[in-house]
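*Asks:*
Protein chains: 4
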Amino acid sequence: MKPVGIAVVGAGYWGPNLIRNFAATEKADLRWACDISVERARKVVGAQSSVRVTDDLAEVLRDPTVEAVAIATPPSTHAPIALQCFEAGRHVLVEKPLAEKLQDGVAMVEAARDAALTLMCDHTFCYTSSVRKIKEIIACGDLGEVHYFDSVRINLGLIQSDVDVFWDLGPHDLSILDYVLPDGIEPTAIAAHAADPMNVGQACVGYMTLPLSNGGIAHAHLNWLSPTKIRTTIIGGSRRMLVWDDLRPGQRIQVYDSGVEISDTDDEARREHLVSYRSGDMVAPAIRETEALRAVVDEFASSIREQRQPLTDGYAGLRVLEALTAVQHSLDTQGSMQPLDGRR
Amino acid sequence: MKPVGIAVVGAGYWGPNLIRNFAATEKADLRWACDISVERARKVVGAQSSVRVTDDLAEVLRDPTVEAVAIATPPSTHAPIALQCFEAGRHVLVEKPLAEKLQDGVAMVEAARDAALTLMCDHTFCYTSSVRKIKEIIACGDLGEVHYFDSVRINLGLIQSDVDVFWDLGPHDLSILDYVLPDGIEPTAIAAHAADPMNVGQACVGYMTLPLSNGGIAHAHLNWLSPTKIRTTIIGGSRRMLVWDDLRPGQRIQVYDSGVEISDTDDEARREHLVSYRSGDMVAPAIRETEALRAVVDEFASSIREQRQPLTDGYAGLRVLEALTAVQHSLDTQGSMQPLDGRR
Amino acid sequence: MKPVGIAVVGAGYWGPNLIRNFAATEKADLRWACDISVERARKVVGAQSSVRVTDDLAEVLRDPTVEAVAIATPPSTHAPIALQCFEAGRHVLVEKPLAEKLQDGVAMVEAARDAALTLMCDHTFCYTSSVRKIKEIIACGDLGEVHYFDSVRINLGLIQSDVDVFWDLGPHDLSILDYVLPDGIEPTAIAAHAADPMNVGQACVGYMTLPLSNGGIAHAHLNWLSPTKIRTTIIGGSRRMLVWDDLRPGQRIQVYDSGVEISDTDDEARREHLVSYRSGDMVAPAIRETEALRAVVDEFASSIREQRQPLTDGYAGLRVLEALTAVQHSLDTQGSMQPLDGRR
Amino acid sequence: MKPVGIAVVGAGYWGPNLIRNFAATEKADLRWACDISVERARKVVGAQSSVRVTDDLAEVLRDPTVEAVAIATPPSTHAPIALQCFEAGRHVLVEKPLAEKLQDGVAMVEAARDAALTLMCDHTFCYTSSVRKIKEIIACGDLGEVHYFDSVRINLGLIQSDVDVFWDLGPHDLSILDYVLPDGIEPTAIAAHAADPMNVGQACVGYMTLPLSNGGIAHAHLNWLSPTKIRTTIIGGSRRMLVWDDLRPGQRIQVYDSGVEISDTDDEARREHLVSYRSGDMVAPAIRETEALRAVVDEFASSIREQRQPLTDGYAGLRVLEALTAVQHSLDTQGSMQPLDGRR
């Protein structure tokens, strides 16, 4: 396939990773790096690079070789930049979260739809080998009915003044949940609780709870103040249960036979036995270690060439944004349950 | 000190453990085992034992050598039995939860207070070396201000038809929280979310959130459907953080220097560094492995002889019961936040 | 089957465990506990027990209801006691090691053979669910050819003055190796290295190496001075590899697909990939947790009634004893390789 | 300080890492990359780089700006290249092992000494934060007397046809041991055992044992056929014990209070207690994560400018080489103990 001509806008925290991956894949032809600091853009692409740099998005959009734009600027600028790109007939890949405000995200999705252009949201985790394997395991029915999804994503992070722990870490779990849940099951609402024990003006410890449409439940513990780093998700199913420990190279995913028993018995010996340790077989499938962001840029280019929706499209970005917006409403009302419109 | 004459009522699931420990300690003189099944009581005390058995509580209470009664019967029977004992001038140790209904618990506490008798609740975990060490570490100020308390208590359990996961596992975390929090900090409310994905008529997966009076937060994940057993509590403080992993013999408690940094910096390299792995020292103090229940029965006897409140008195039991009752209200109202009266 | 009449000789460290298990099984009828201290024997069986106690072995052997004797006395006394039992026509179960001296062990095996009586050695680990599962996995060919057997059995132990680390911990690994190796593969020799860094007069840190007849190798690290307790055995095979971590309840055995590749390549990228983390599937089979010693006493009784060799017979005990004896010769000669006669 | 003019010879497996680090440090001025394939050298330095490339060492040595040469070629070529460099008055950094044959290593050390030039051996592990911390802990006496050093360095590696597991992995442990042992304690001999169970013509599983001059012992398990990757070293001391788990980011080093007790007691309860789990405090000191190779190239440059012996000089390289050579002799003679000349 002919490489897709690409411009990356934003060369700050995440932009350099996009630039590196677009430069490396044969599916794309990286043409521009655009940043409010031309120096920073130059530094990122390298002194001798043939990739052009600018601080003027209009200049980028005048270049007919640019077919698509990847946006890695602060969230509040995603919408105006994306809309300008759609206006100019360019496809767009945008960092998570899709936008800062829900109506901005809606505007982006509608603009892309109306212009028949691709809008993809960079939910990077959905492109890891682990999450793809999890989706596969759920989709083929190995877990049976999904009962619960419990994620712990905690570490000793840098407390930021402009974003809380939900906006920082939440998109990961919300996008993964959105991606791996099978068709027909979706979160119906969300409630959130949080604390700002150091009085920094932002939630640093947070919990999100999402009832699922099939009676199950999803939950995430997000925390910047944990002494140990944990990245573990448990997905309980009627047939099997899955533990994803992202910090365990070589054995990230474990699939357990479900050993749940229902009993009215008053047989104490049996009860004591059952609450000790489980007794089903466990399988840890081999997972190939790959770079997720490379899969992201490849999917973006392929979906454009194949004229199809990307794996994590604007609607996926919108669902995550809707949940994040609802989190704020819930926090403002003592953790009240906020309905989610669900999948469009 | 003169051993305290004891009768144990209830020889089912937990009673035999009480019987074994009361028989072993020199602080008590086990006189009776009382159960609706005399055979079961006989079997538990042993054929040749001098401990007498009966199915008639009145017979026990007529025996002047019985100074105190330990109640290990179903929760709904705690109140009538305890009140009968107080009526007869006996001290009472009661299994958790204190009672099934809040007003019953209140009646028990008031009856004990009016009769100037001891009412102790068997919050066993508060008598483990680990929890005592945690209380000590917090009390001496090593953690600084307590920021959060996060507990995960999950395993593949036997699903019961008469009790949900909150009443089964929740008393552990609620009583530990009640015990280790320093004076002046207390939970002000509680919210709960749960799922019953297998339609057994009881919550099998549950989450409790308790805002703390100092702006911190407490949370527990309780789950009967987890493929792996986890018993981990993280307590974050302003100076240090503590991880209690109860399944790690020889290193159950780890205390980390807090490495939290607050920054407005846009320095990405630094940010990336900070979100990788922490860098403070960690200390795992030696913990002597002891049997908690032995400490429970000893505390019961000692508090009677010394005419003082036991470590986990009726009020502690009442606070746990109040929280459990509020959990049900919260579940019935979509996870709404329920106020707690706090410490009396 | 008719219960086998049993006497236990020795009520010190291990004897009480035998007594408890013989008392519990329906396959045996425990008649006597014999110890040089009658009081100790009485204390172990319990005041009201119908099991008789004595310090006189002859008295035991005069009792016609005693069909078999379990010996849990110090190793140096195993041979005289066992020979006396065989003389009296009784079957014998003896604690590990079989005897203190090789010729004593040989005499025991020959006496049992000549009298057509059962001689069983209590290699307890061979009766655990884990080791039985390992034997099964090897026997059915799942591992392919056995390449190596590597055991680490270390902890912070009590240093004893009368036995070194090889005699204390070595019988476990030697008996397990003897038990799980498939027919046709056996250790051909043994070499040992050790240190006594605290000058207690006994090896406290030791290593044993046993070349296998098929070109493979077995090795054990035995250590009383380790700050952490490790009980891990890795068995490498041509098709799969097995890791047995005896301190990991619920997942003691892990079986990995072998991912070994042979290559002359100078392809550095590939090399780097290969030395990072493996990529085959792993399965952790369910292991039922049972008490090994109960299986020991049941096997003893069954083998007597069924008139067959027990699973771990006198010859197995002799092979372990031969290896321990050779360890001492090796230590005395700078770790020289000592031949083993192999399986008789 | 004035940067040291550097040429790197060999751009294969490890050379690119040296090139990258010499290019990055301000202490060096990378002038040349020399490889038998000029193309490979060019590719490694980058198309636009000002670093010159050649396949002719003589050309490099004619350049007066080159003060020092880093050699990353196959071991058999280390000696001739190093000697040519010394001849030309250049300092030399050489990859491990120092040479393929002991006499070649001796010739290199003598040539450097006679020409008063620096000869440094790249024992990379000695420059990691972890190993430096270990050396510091031992040097300040925190461990007390060193009792044993036990290393397990195993993984599923690529089996190579031109080198065995000792030459591949052994230099790491031998150089670390050489580096961390305090003055006055040294290995006095070495014995090795190995297996080649797949008949590839090279030892794939190996064990090395080194008695220490103070009565202690060092041992390493090296294995290419392990299903799991382990990189753990335990160092036992009279006061404390240290566990270095190099695969545990954030807690690589753990220091335990020694809890060893010596006893003749026959008190079984106490014995059972002691062999269960240890009970001393443990401290995991913070370790800054740094790139070891950067410290290697900095030390090389600094030692040249400061006209002092580098941390891991030619003699250190020679001691490792002597041990590797003795390993082969030991393997050829059934694991016989081979004396080591010790520290020169």
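If you're matching them up, the sequences are chains A, B, C and D in order.
Our numbering applies: residue 3 is where the first sequence begins, and numbers increase by one.
Our numbering applies: residue 3 is where the second sequence begins, and numbers increase by one.
Our numbering applies: residue 3 is where the third sequence begins, and numbers increase by one.
Our numbering applies: residue 3 is where the fourth sequence begins, and numbers increase by one.
Glycine is no exception: its CB is placed at the ideal position from the N, C-alpha and C atoms.
Bear in mind that the values here come from a model prediction, so they are computed numbers and not experimental data.
Alpha helix (DSSP H) containing residue 83 of chain B: first to last residue?
*Replies:* As a position in the second sequence, residue 83 of chain B is number 81, starting the count at 1. Segment 80-89, the alpha helix (DSSP H) holding residue 83 of chain B.
*Asks:* Drop a sphere of 10 angstroms on the beta-carbon of residue 238 of chain A, count the other beta-carbons inside from all chains shown, and report buried for 16 or more, exposed for fewer.
*Replies:* Within the first sequence, residue 238 of chain A is the residue found at index 236, counting from 1. With 16 or more other Cβ atoms within 10 Å, it is buried.
*Asks:* Could you tell me which chain D residues have their CB closer than 9 Å to the CB of residue 284 of chain B, listed as they occur along the chain?
*Replies:* Locating residue 284 of chain B in the second sequence gives position 282, counting from the first residue. Residues of chain D passing the Cβ test: 252, 253, 256, 284, 285, 286, 287, 288.
*Asks:* Here's a check: name, in chain order, each residue in its chain whose Cβ is nearer than 7 Å to the Cβ of residue 128 of chain D, leaving out the five neighbours to either side.
*Replies:* Your numbering for residue 128 of chain D matches position 126 in the fourth sequence. Once the five neighbours on either side are set aside, the close Cβ partners of residue 128 of chain D are 177, 178, 181, 313, 314.
*Asks:* Consult DSSP for residue 214 of chain D and reduce its assignment to one of helix, strand or coil.
*Replies:* Against the fourth sequence, residue 214 of chain D aligns to sequence position 212. Looking at residue 214 of chain D - three-state DSSP - the assignment turns out to be strand.
*Asks:* On the criterion of 16 or more Cβ atoms from any shown chain inside 10 Å, does residue 170 of chain D qualify as buried, or is it exposed?
*Replies:* Here the question's residue 170 of chain D lines up with position 168 in the fourth sequence. Residue 170 of chain D comes out buried.
*Asks:* Can you have a look at residue 4 of chain C and say buried or exposed, based on whether 16 or more other CB atoms are within 10 angstroms of its CB?
*Replies:* As a working mapping, residue 4 of chain C is identified with position 2 in the third sequence. Answer is exposed; the Cβ neighbour count stays below 16.
*Asks:* Looking at the structure shown, is residue 68 of chain B part of a helix, part of a strand, or coil, going by DSSP?
*Replies:* Position 66 of the second sequence, counting from 1, holds the residue named residue 68 of chain B. Here residue 68 of chain B sits in coil by DSSP.
*Asks:* With three or more C-beta pairs closer than 8 Å as the rule, is the region 195-204 of chain D touching the region 150-168 of chain D?
*Replies:* Short answer: they touch.
*Asks:* Mind reading off the beta-carbon distance from residue 184 of chain B to residue 133 of chain B? Whole number of angstroms is fine, and I expect it under 8 Å.
*Replies:* Stepping through the second sequence from its first residue, residue 184 of chain B is reached at position 182. Stepping through the second sequence from its first residue, residue 133 of chain B is reached at position 131. At roughly 14 Å, the Cβ-Cβ gap does not stay under 8 Å, so residue 184 of chain B and residue 133 of chain B are not in contact.
*Asks:* When you check each C-beta in the region 118-138 of chain A against every C-beta of chain D, which residues fall closer than 8 Å?
*Replies:* Of all residues in the region 118-138 of chain A, none has a Cβ within less than 8 Å of some Cβ in chain D.
*Asks:* Exposed or buried, residue 80 of chain C, counting other C-beta atoms within 10 Å across all chains shown (16 or more means buried)?
*Replies:* For the purposes of this step, residue 80 of chain C is taken as the residue at position 78 of the third sequence. With 16 or more Cβ atoms within 10 Å of its Cβ, residue 80 of chain C is classed as buried.
*Asks:* Is the region 137-152 of chain D close to the region 211-229 of chain D, with three or more CB pairs under 8 Å?
*Replies:* Yes, they touch.
*Asks:* Rounded to a whole number of angstroms, what is the C-alpha to C-alpha distance between residue 320 of chain C and residue 330 of chain C?
*Replies:* Taking the third sequence and counting its residues from 1, the one referred to as residue 320 of chain C is at position 318. Taking the third sequence and counting its residues from 1, the one referred to as residue 330 of chain C is at position 328. Approximately 15 Å between the Cα atoms of the pair.
*Asks:* Quick check on residue 27 of chain C: does DSSP put it in helix, strand or coil?
*Replies:* Position 25 of the third sequence, counted from the first residue, corresponds to residue 27 of chain C. Coil at residue 27 of chain C, not helix or strand.
*Asks:* Can you tell me whether DSSP reads residue 277 of chain A as helix, strand or coil?
*Replies:* Here residue 277 of chain A is taken as the residue at index 275 of the first sequence, counted from 1. Because residue 277 of chain A sits at a pLDDT of 42, beneath the cut-off of 50, its placement in the model cannot be relied upon, and the point is left open.
*Asks:* Starting from residue 316 of chain B and walking both ways along the alpha helix (DSSP H), at which residues does that stretch end?
*Replies:* Numbered from its first residue, the second sequence carries residue 316 of chain B at position 314. Per DSSP, residue 316 of chain B belongs to the alpha helix (DSSP H) from 316-334.
*Asks:* Measuring only the C-alpha atoms, how far is residue 153 of chain B from residue 222 of chain B?
*Replies:* Within the second sequence, the letter at position 151 stands for residue 153 of chain B. Within the second sequence, the letter at position 220 stands for residue 222 of chain B. Roughly 5 Å separates the two Cα atoms.
*Asks:* Between the region 317-336 of chain B and chain A, which residues of the former have CB atoms less than 8 Å from a CB of the latter, in chain order?
*Replies:* Correct list: 336.
*Asks:* Could you check what DSSP says for residue 272 of chain C in three-state terms: helix, strand or coil?
*Replies:* What you label residue 272 of chain C is simply residue 270 of the third sequence in a count that begins at 1. The pLDDT assigned to residue 272 of chain C is 47, lower than 50, so where the model puts this residue is not dependable, and the model offers no usable value.
*Asks:* So for residue 169 of chain D, helix, strand or coil by DSSP?
*Replies:* Residue 169 of chain D sits at position 167 when you count from the first residue of the fourth sequence. Helix, per DSSP.
*Asks:* For the putative contact between residue 246 of chain D and residue 136 of chain D, defined by C-beta atoms under 8 Å, what is the C-beta separation to the nearest angstrom?
*Replies:* Counting from 1 along the fourth sequence, the entry for residue 246 of chain D is found at position 244. Counting from 1 along the fourth sequence, the entry for residue 136 of chain D is found at position 134. Contact holds; Cβ gap of about 6 Å.
*Asks:* Measuring only the C-alpha atoms, how far is residue 212 of chain B from residue 334 of chain A?
*Replies:* In the second sequence, counting from the first residue as 1, residue 212 of chain B sits at position 210. In the first sequence, counting from the first residue as 1, residue 334 of chain A sits at position 332. Whole-angstrom Cα-Cα distance: 16 Å.
*Asks:* Just to confirm before moving on: does the CB-CB distance between residue 68 of chain B and residue 62 of chain B stay below 8 Å?
*Replies:* Taking the first residue of the second sequence as position 1, residue 68 of chain B is located at position 66. Taking the first residue of the second sequence as position 1, residue 62 of chain B is located at position 60. Yes, Cβ-Cβ distance for residue 68 of chain B and residue 62 of chain B is below 8 Å.
*Asks:* Could you tell me which chain C residues have their CB closer than 9 Å to the CB of residue 231 of chain B, listed as they occur along the chain?
*Replies:* Within the second sequence, numbered from 1, the residue matching residue 231 of chain B stands at position 229. Per Cβ cutoff of 9 Å: 251, 252.
*Asks:* Measure from the alpha carbon of residue 140 of chain D to the alpha carbon of each residue in D:340, D:251, D:240, then state which is nearest.
*Replies:* If you number the fourth sequence from 1, residue 140 of chain D lands on position 138. Residue 140 of chain D has its Cα closest to that of D:240, out of D:340, D:251, D:240.
*Asks:* Hey, how far is the Cα of residue 107 of chain C from the Cα of residue 197 of chain D?
*Replies:* As a first step, residue 107 of chain C must be located in the third sequence, where it is residue number 105. As a first step, residue 197 of chain D must be located in the fourth sequence, where it is residue number 195. Distance between the alpha carbons of residue 107 of chain C and residue 197 of chain D is about 31 Å.
*Asks:* So which residues of chain D does residue 77 of chain C contact, with C-beta pairs closer than 8 Å?
*Replies:* For this step, residue 77 of chain C is matched to residue 75 along the third sequence. By Cβ distance, chain D contributes nothing, its closest Cβ being about 14 Å from residue 77 of chain C, past 8 Å.
*Asks:* Need the endpoints of the beta strand (DSSP E) that residue 306 of chain B sits in, please.
*Replies:* What you label residue 306 of chain B is simply residue 304 of the second sequence in a count that begins at 1. Premise fails: residue 306 of chain B lies in the alpha helix (DSSP H), 294-307, not in any beta strand (DSSP E).
*Asks:* Pull up the distance between the alpha-carbon of residue 224 of chain D and that of residue 228 of chain A, whole angstroms please.
*Replies:* Taking the fourth sequence and counting its residues from 1, one reaches residue 224 of chain D at position 222. Taking the first sequence and counting its residues from 1, one reaches residue 228 of chain A at position 226. Between residue 224 of chain D and residue 228 of chain A, the C-alpha separation is close to 36 Å.
*Asks:* Of the choices A:300, A:309, A:340, A:338, whose alpha-carbon is the least far from that of residue 8 of chain A?
*Replies:* As a first step, residue 8 of chain A must be located in the first sequence, where it is residue number 6. Ranking A:300, A:309, A:340, A:338 by Cα distance to residue 8 of chain A puts A:300 first.
*Asks:* For residue 232 of chain D, does the three-state DSSP call read helix, strand or coil?
*Replies:* If you number the fourth sequence from 1, residue 232 of chain D lands on position 230. Three-state DSSP puts residue 232 of chain D in a strand.
*Asks:* Going by DSSP, which residues form a beta bridge with residue 239 of chain A?
*Replies:* Along the first sequence, read from residue 1 onward, the residue named residue 239 of chain A stands at position 237. According to DSSP, residue 239 of chain A bridges with A:148.
*Asks:* Which residues in the same chain as residue 272 of chain C place their Cβ atom closer than 7 Å to its Cβ, once the five residues preceding and following it in sequence are excluded?
*Replies:* Looking up residue 272 of chain C in the third sequence gives position 270. Because residue 272 of chain C carries a pLDDT of 47, less than 50, the predicted location of this residue cannot be relied on, and the following value inherits that uncertainty. Result list for residue 272 of chain C: empty, nothing under 7 Å.
*Asks:* Could you check the C-alpha separation between residue 191 of chain C and residue 339 of chain C for me, to the nearest Å?
*Replies:* Position 189 of the third sequence, counted from the start, is the residue given in the question as residue 191 of chain C. Position 337 of the third sequence, counted from the start, is the residue given in the question as residue 339 of chain C. Each residue's Cα considered, the two are about 6 Å apart.
*Asks:* Can you tell which of B:298, B:282, B:290 has the C-alpha that lies nearest to the C-alpha of residue 291 of chain D?
*Replies:* Your numbering for residue 291 of chain D matches position 289 in the fourth sequence. Closest option to residue 291 of chain D, Cα to Cα, is B:282.
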